[in-house]
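Protein chains in written order, with the numbering used here: chain A, 1 to 466; chain B, 1001 to 1445.
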């Protein structure tokens, strides 16, 4: 067995594919790390500045909950640049997404050159290029018959080929990854904490599992089809389907399948909503006042405050519903992408790295947990929970000859000592929790691997090697 | 002779399983994507019509909405990303569009980004270019490895004619398949009836098709060259795929990485500081007048007209100062995109993308032309607001002009994409010449 693996390894090391893969890996991982170490400190200092400013302001009108830039963005970006840089919190627990960090909205959308992209696209393709002629090539050259005429078991040969291809793909990955890590360690050593290193270490088994899918796929097709060029053709068509077509079409398919309303449809409901919930009720109060059905100015103000508060809540609910519909649509596209092992790998990696969708959800959970603490503080300092609103009203009327002005309550900034302002704490899940979240995707990858391994073995064991 | 070679090549391609796989995939994708994109266009168009009806603005503010471009069904480009709505007033000149919900509540960028549009342009750029490689990688190498090349050339077949025959035969099949799937897509557009394509649109579509042909020729002649150069078909295919992934996936990406890292954009804080500095000269006067106006209203007195006029003037100056800074920032954003394109100018995929989005008017140029009308409308608002303090009767009569901007003419679009078309053409010619020279010198035994 050792001899066969050695022979296979030697064969692969001399191939052009291996050389190109090593060169490409070195270049792309270096670019990845250099770009990260250039941008991360800028984002991090902007974040620290925002946090300091928020604390310095310690506002009782509205506060900002800023999200820390993901320190492992170079491994898995997870679409972070399109996610909000944090949330703005109004008294009463009203959260609204803050704008994203600085992005050039005119630039065409292209995938980030993170580790996830490199492994998913470049390495999966190279595994196919390394493995397509593993069996068919030897059969064409006649060496397969020669090997099997010795006392070498077919299964042993297949295992040896599997090990060699996987090792040849993993070696440049380890080399590239190591260079990337060294660059990061020199420039941003604080990022490489034990927890983050554990997450990065988990990439290896995850990647091996993902790449095994493609290795077994190439071995299966290579032993089933006799002509190497046809093998490559089939493999590439499959690769295009799994890594390009499925992930890209899932977005438009989800859009078609989900019934989320358009932004305009949601937007046009805002006016009537406020009209119905707030202004109609204010008008009703005024007309009751005219008819003498309201006994005091205090009662009127109380009702107006209630209308304002409920209108505010409805508006927030309206925006949240839209956001939830959009998130559901994004989730549907993720589910569709999971048909492909590339999708499974991407989401598993994001979970382990704590990037992407989960990171935003976790942040929102932390924000919701913080909201009551903030409310308590505002109540303690100001005595009421009034936030910045999209609408306001001010009308005058008379009750029993007394002029009364009904106006929307305005938020009050507490002017005294605010040194006890509660600090917002963002929690990061542990690597183990990340693995737990990625479990389903990992099982999916394993199922792919087992099925393709089964197909590769059964096909090779029955193959005519003449 | 050429005719016989052509016939043989075309027949061979047509009966090959790879052609059948490729064309089926392309047709299925083309039909699916057109149906979905058309439904999406219909929704956006309906929103646009509703918004035009509902969001008229008032005397002080004009709401402008930007409709979807009809050809975005085929080449989506940046059409969905660039926003739909803005509000112009004498005190505010928008430098960019937001979604329909407005600047602070709209998340239109966030939910749209991340998914690549699957449209005609994507299918040609990715699927057809791969199909070209699959069809052409063995056109010479396989004949050589099977020994038929020596056999063919042992007859009185000139080498250049054989290569030309292979080139034209393959091209016929590729362009034919592309046109068939495009035709299906057009059929859906015409039968769908929800999109009104003008004659100019059809001419633009014809130009997009021509661009697609040029793009595919580039990959075809590249594949032919590699096929001549490398004797083993599988190695030829492998090399071509590595070149493909570099040219279509990695190189354009590196262009963006280079532009984003070598072209610095000012931070949001710097932009805010610049805006403050630009208005600093007027700041004190502005606050003084605001205070005077406030005091006047609080004391129940009607403020002096000259005070109101000066306040309107200063608000307009403020809007202009802010706009200038925003415009400078916008210019930098555009320059960064241009640098990304320049850095990746050797990628046929980038040339194709630049050309087709310009032709479909789903690129930055069209957006910037649209935004160029803002300044004129703002001027009218400023004049109108001043009338309020100078001549109230004239103010009541005055009507704001409709929003105008100069859309790019067909001739201008065609001449603008000429460099990209020529570049694609020359890359194709160079590879064909290389293939030609290598084939003439090739040992066919």
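For every residue, glycine included, the Cβ atom is placed at its ideal position computed from N, Cα and C. Bear in mind that the values here come from a model prediction, so they are computed numbers and not experimental data.
{"Item": "Could you tell me if residue 1426 of chain B is buried or exposed, where buried requires 16 or more neighbouring beta carbons within 10 angstroms of its beta carbon?", "Value": "exposed"}
{"Item": "Chain B beta carbons: is any one of them nearer than 8 Å to that of residue 268 of chain A?", "Value": "yes"}
{"Item": "Quick one: does the C-beta of residue 1293 of chain B sit closer than 7 Å to a heavy atom of the ligand GDP?", "Value": "This structure simply doesn't include the ligand GDP, nor any ligand for that matter."}
{"Item": "For residue 348 of chain A versus residue 442 of chain A, is the C-beta spacing smaller than 8 Å?", "Value": "yes"}
{"Item": "Give, in chain order, every residue of the segment 377-391 of chain A whose Cβ lies closer than 7 Å to some Cβ of chain B.", "Value": "none"}
{"Item": "What residue range does the alpha helix (DSSP H) around residue 386 of chain A cover?", "Value": "Residue 386 of chain A -> no alpha helix (DSSP H), and no H or E assigned at all."}
{"Item": "Mind checking residue 1098 of chain B: buried by the 16 CB within 10 Å criterion, or exposed?", "Value": "buried"}
{"Item": "Spell out the partners DSSP gives residue 94 of chain A in its beta bridges.", "Value": "A/90"}
{"Item": "Straight-line CA distance for residue 1448 of chain B to residue 103 of chain A?", "Value": "This structure does not reach residue 1448 of chain B, given that chain B is present from 1001 up to 1445, and the question cannot be answered."}
{"Item": "Taking a contact to mean a Cβ-Cβ separation below 8 Å, would you say residue 1209 of chain B touches residue 1031 of chain B in this structure?", "Value": "no"}
{"Item": "From the DSSP output, in three-state form, read off residue 1094 of chain B for me.", "Value": "coil"}
{"Item": "Do residue 132 of chain A and residue 222 of chain A have their CB atoms nearer than 8 Å?", "Value": "yes"}
{"Item": "Does the beta carbon of residue 1334 of chain B sit closer than 8 Å to a beta carbon anywhere in chain A?", "Value": "yes"}
{"Item": "For residue 1061 of chain B, list the residues DSSP reports as bridge partners.", "Value": "B/1089"}
{"Item": "Counting contacts by CB-CB distance shorter than 8 Å, is residue 1174 of chain B in contact with chain A?", "Value": "no"}
{"Item": "Distance, Cα to Cα, residue 1335 of chain B vs residue 1363 of chain B?", "Value": "14 Å"}
{"Item": "For residue 228 of chain A, would you say it is in contact with chain B, using Cβ-to-Cβ distances shorter than 8 Å as the test?", "Value": "yes"}
{"Item": "List the endpoints of the continuous alpha helix (DSSP H) containing residue 44 of chain A.", "Value": "16-57"}
{"Item": "Pairs of beta-carbons, one from the segment 376-386 of chain A and one from the segment 265-284 of chain A, closer than 8 Å: are there three or more?", "Value": "no"}
{"Item": "Name the residue from B/1250, B/1164, B/1058, B/1177 whose alpha carbon lies nearest to the alpha carbon of residue 1007 of chain B.", "Value": "B/1164"}
{"Item": "Which residue wins for smallest C-alpha separation from residue 249 of chain A, given the options A/181, A/291, A/336?", "Value": "A/336"}
{"Item": "DSSP three-state label for residue 1084 of chain B, please.", "Value": "coil"}
{"Item": "If you count every other CB in all the chains shown that lies within 10 Å of the CB of residue 1297 of chain B, and 16 or more means buried, which is it?", "Value": "exposed"}
{"Item": "Which of the three DSSP states, helix, strand or coil, is assigned to residue 355 of chain A?", "Value": "coil"}
{"Item": "Assuming residue 1126 of chain B and residue 1357 of chain B form a contact by the criterion Cβ under 8 Å, report the distance between their Cβ atoms to the nearest whole angstrom.", "Value": "About 16 Å separates the two Cβ atoms, so there is no contact after all."}
{"Item": "For a test of the three-state rule: what should DSSP assign to residue 1362 of chain B, helix, strand or coil?", "Value": "coil"}
{"Item": "Tell me, please, whether the segment 1042-1050 of chain B touches the segment 1377-1391 of chain B by the rule of three or more beta-carbon pairs shorter than 8 Å.", "Value": "no"}
{"Item": "Taking the straight line between their C-alpha atoms, what separation do you get for residue 1062 of chain B and residue 1094 of chain B?", "Value": "11 Å"}
{"Item": "Going straight from the alpha carbon of residue 1421 of chain B to that of residue 1349 of chain B, what length do you get?", "Value": "12 Å"}
{"Item": "Answer yes or no: do residue 219 of chain A and residue 168 of chain A have a C-beta to C-beta separation smaller than 8 Å?", "Value": "no"}
{"Item": "Is the beta carbon of residue 1086 of chain B less than 8 Å from the beta carbon of residue 267 of chain A?", "Value": "no"}
{"Item": "Taking C-alpha atoms, which residue in B/1091, B/1135, B/1056 lies nearest to residue 1017 of chain B?", "Value": "B/1135"}
{"Item": "Which residue's Cα is closest to the Cα of residue 27 of chain A: A/252, A/426, A/232, A/176?", "Value": "A/176"}
{"Item": "Rank A/139, A/63, A/362 by C-alpha distance to the C-alpha of residue 411 of chain A and give the top, closest one.", "Value": "A/63"}
{"Item": "Give me the Cβ distance between residue 1005 of chain B and residue 1242 of chain B, rounded to the nearest whole Å; I'm assuming they're in contact under 8 Å.", "Value": "That belief does not hold up - the Cβ atoms of residue 1005 of chain B and residue 1242 of chain B are roughly 30 Å apart, past 8 Å."}
{"Item": "List the endpoints of the continuous alpha helix (DSSP H) containing residue 1261 of chain B.", "Value": "1251-1262"}
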